[in-house]
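In the working numbering, the protein residues as written are -17 to 471. Contents: one structure, followed by commentary.
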């Protein structure tokens, strides 16, 4: 019900594998141990980020861009022009990059995933295409036009594709434009048709799609941003496009990158899952806002079960760097909450350096093997019914005032799980009562903690669960009706 997704920066990954194995590794000859790793972690979906044909214009812009160069040097002080590529989100056409192995090898990779019961996810970028896209020469009407006067008023907002003719760069209205892209015009039905056909092509190559900044092509957002230039968008894109794909592929999964509280609207238009940036922000922005996080987790179940939770991805800082001492506790809370769960490449090893998406080379960092082992224990929990189907409710922890402690209960008819987290730098004694503890006095409790084995104190007496949490500790107690005994995992 709730897939576990693993995001891979495909270009970086293949480069690393080629060095490790002293041969050219492409999608058609991935070493078997990589598939064994996916299976051992229990990943349901592998998301290959950045498989599409690269834009030469985007590469040139990335190479010359001083702001990007600063981020490249921060990651790799010895960066060279050969280390820089186009943005994976500046796409000329939905054709698989031949350097990675092309379409034939992508399908071979997909078959190997399927042999392990794993699905393949690829990217779809609905808002824009690269400057050197395949459609522009014959169909400039697919894009947002700007006249010379408008271009003079906003000289950084448009691209002169032929002398005296301008098209708007793609953009999020709250940020500067993406100057290696052209904004698609969803006021035109021809654009809807063209992008739906691209989705048909993508869906023939994979089992799921992650839709970049999906909220930007909602009618309300598009018209607010672009109707003065491109005309008025009359019909929503997503509902019809998703329905059309699912006629051909009924089990195809749509994941939306979504912000601005547009998640529910996108779910209503057919998305199976939407990013949960609210959850991420409450967990990662300084002191954990337990009150708001609890309220968010206890929202409408139909909404909750379609959210995708994460601690990092290619857009965000590394979790080990940003979340710091609460990193393991945040991982436990994330992976025991309902919804899709997204794990970023090397997240489980505690790497700290964010990789700019235009880089082809990754900085060498030490791995935290203890963190990786902890993550693998958390991944095993995903197989339990209580975390795949269980509902969620708040736990009253009888916590001291102003403590940064979180507690929730996941439950099915057969199993209960109690999740507790202490996000502060001091230890805390907690206790809770719950009707599920009173149903049967003979229970088997299994405890998985972020702390070293046997360091956590958990006691069950007189229908009360008492727990002492160390600073920055979180744990999950799972319970089946069997023997009255504690086990430490």
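For every residue, glycine included, the Cβ atom is placed at its ideal position computed from N, Cα and C.
Same chain only: Cβ atoms within 8 Å of residue i, ignoring 5 sequence neighbours per side
{"i": "residue 480", "result": "This structure cannot speak to residue 480, because the chain is shown only from -17 to 471."}
{"i": "residue 63", "result": "45"}
{"i": "residue 20", "result": "-12, 28, 95, 98 and 100"}
{"i": "residue -6", "result": "327, 337, 341, 342, 343 and 344"}
{"i": "residue -2", "result": "344"}
Residue i - DSSP class collapsed to helix/strand/coil
{"i": "residue 405", "result": "coil"}
{"i": "residue 31", "result": "strand"}
{"i": "residue 177", "result": "helix"}
{"i": "residue 77", "result": "coil"}
{"i": "residue 165", "result": "strand"}
{"i": "residue 193", "result": "strand"}
{"i": "residue 188", "result": "coil"}
{"i": "residue 85", "result": "helix"}
{"i": "residue 315", "result": "helix"}
{"i": "residue 305", "result": "coil"}
{"i": "residue -13", "result": "strand"}
{"i": "residue 445", "result": "coil"}
{"i": "residue 394", "result": "coil"}
{"i": "residue 138", "result": "coil"}
{"i": "residue 351", "result": "helix"}
{"i": "residue 423", "result": "Model confidence at residue 423 stands at a pLDDT of 47, short of 50, so the residue's coordinates are unreliable; what they give is reported in the following sentence. Note: residue 423 maps to coil in three-state DSSP."}
{"i": "residue 360", "result": "helix"}
{"i": "residue 90", "result": "helix"}
{"i": "residue 160", "result": "strand"}
{"i": "residue 44", "result": "helix"}
{"i": "residue 182", "result": "helix"}
{"i": "residue 400", "result": "strand"}
{"i": "residue 385", "result": "coil"}
Straight-line gap, residue i to residue j (C-alpha atoms, nearest Å)
{"i": "residue 423", "j": "residue 263", "result": "Note that residue 423 has pLDDT 47, beneath the 50 cutoff, so the model's placement of it is unreliable and the number below is only indicative. C-alpha separation (whole angstroms): 39 Å."}
{"i": "residue 414", "j": "residue 431", "result": "17 Å"}
{"i": "residue 171", "j": "residue 211", "result": "16 Å"}
{"i": "residue 219", "j": "residue 379", "result": "45 Å"}
{"i": "residue 418", "j": "residue 303", "result": "38 Å"}
{"i": "residue 458", "j": "residue 208", "result": "48 Å"}
{"i": "residue 461", "j": "residue 376", "result": "17 Å"}
{"i": "residue 16", "j": "residue 88", "result": "15 Å"}
{"i": "residue 445", "j": "residue 306", "result": "35 Å"}
{"i": "residue 47", "j": "residue 71", "result": "16 Å"}
{"i": "residue 363", "j": "residue 392", "result": "12 Å"}
{"i": "residue 203", "j": "residue 155", "result": "9 Å"}
{"i": "residue 390", "j": "residue 58", "result": "42 Å"}
{"i": "residue 144", "j": "residue 254", "result": "41 Å"}
{"i": "residue 245", "j": "residue 252", "result": "11 Å"}
{"i": "residue 0", "j": "residue 54", "result": "22 Å"}
{"i": "residue 308", "j": "residue 456", "result": "9 Å"}
{"i": "residue 289", "j": "residue 236", "result": "12 Å"}
{"i": "residue 388", "j": "residue 278", "result": "12 Å"}
{"i": "residue 248", "j": "residue 365", "result": "28 Å"}
Limits of the unbroken alpha helix (DSSP H) element including residue i
{"i": "residue 129", "result": "No alpha helix (DSSP H) holds residue 129; DSSP gives it neither H nor E."}
{"i": "residue 56", "result": "48 to 57"}
{"i": "residue 3", "result": "-8 to 3"}
{"i": "residue 432", "result": "It is not in any alpha helix (DSSP H) - residue 432 carries neither H nor E in the DSSP assignment."}
{"i": "residue 245", "result": "245 to 250"}
{"i": "residue 205", "result": "201 to 212"}
{"i": "residue 224", "result": "220 to 230"}
{"i": "residue 277", "result": "272 to 279"}
{"i": "residue 16", "result": "14 to 23"}
{"i": "residue 259", "result": "259 to 266"}
{"i": "residue 285", "result": "283 to 286"}
Cβ shell of residue i (< 6 Å), same chain only, five flanking positions each side left out
{"i": "residue 159", "result": "139, 151 and 153"}
{"i": "residue 142", "result": "148"}
{"i": "residue 451", "result": "404 and 410"}
{"i": "residue 400", "result": "391 and 459"}
{"i": "residue 215", "result": "168, 169, 201, 204 and 205"}
{"i": "residue 68", "result": "36, 37, 40 and 41"}
Boundaries (first-last residue) of the beta strand (DSSP E) holding residue i
{"i": "residue 366", "result": "First-last for residue 366: undefined, no H or E at that position."}
{"i": "residue 103", "result": "101 to 106"}
{"i": "residue 237", "result": "235 to 238"}
{"i": "residue 376", "result": "373 to 376"}
Contact test: residue i Cβ vs the ligand SAH heavy atom, cutoff 8 Å
{"i": "residue 234", "result": "Summarising the ligand content, the structure contains no ligands, and the ligand SAH is consequently not present."}
Own chain residues within Cβ distance below 7 Å of residue i, not counting five before or after
{"i": "residue 350", "result": "331 and 332"}
{"i": "residue 227", "result": "181, 182, 185 and 234"}
{"i": "residue 79", "result": "33, 34, 35 and 36"}
{"i": "residue -8", "result": "30, 31, 32, 33 and 82"}
{"i": "residue 188", "result": "92, 102, 103 and 104"}
Is the segment -6 to 10 touching the segment 117 to 131, taking contact as three or more C-beta pairs under 8 Å?
-> Cβ pair count under 8 Å is below three, so no.
Is the segment 335 to 348 close to the segment 368 to 375, with three or more CB pairs under 8 Å?
-> No, the segment 335 to 348 does not touch the segment 368 to 375.
Below 8 Å, can you find three or more Cβ-Cβ pairs linking the segment 303 to 316 to the segment 282 to 294?
-> yes
Pairing CB atoms from the segment 27 to 37 with CB atoms from the segment 103 to 115, are three or more of them under 8 Å?
-> yes
Is the segment 111 to 121 in contact with the segment 56 to 76, if contact means three or more CB pairs nearer than 8 Å?
-> Output reads yes: the segment 56 to 76 touches the segment 111 to 121.
Assess, as a yes-or-no matter, whether the segment 195 to 205 is touched by the segment 235 to 243 under the definition of 3 or more beta carbon pairs within less than 8 Å.
-> Enough Cβ pairs lie closer than 8 Å, so yes.
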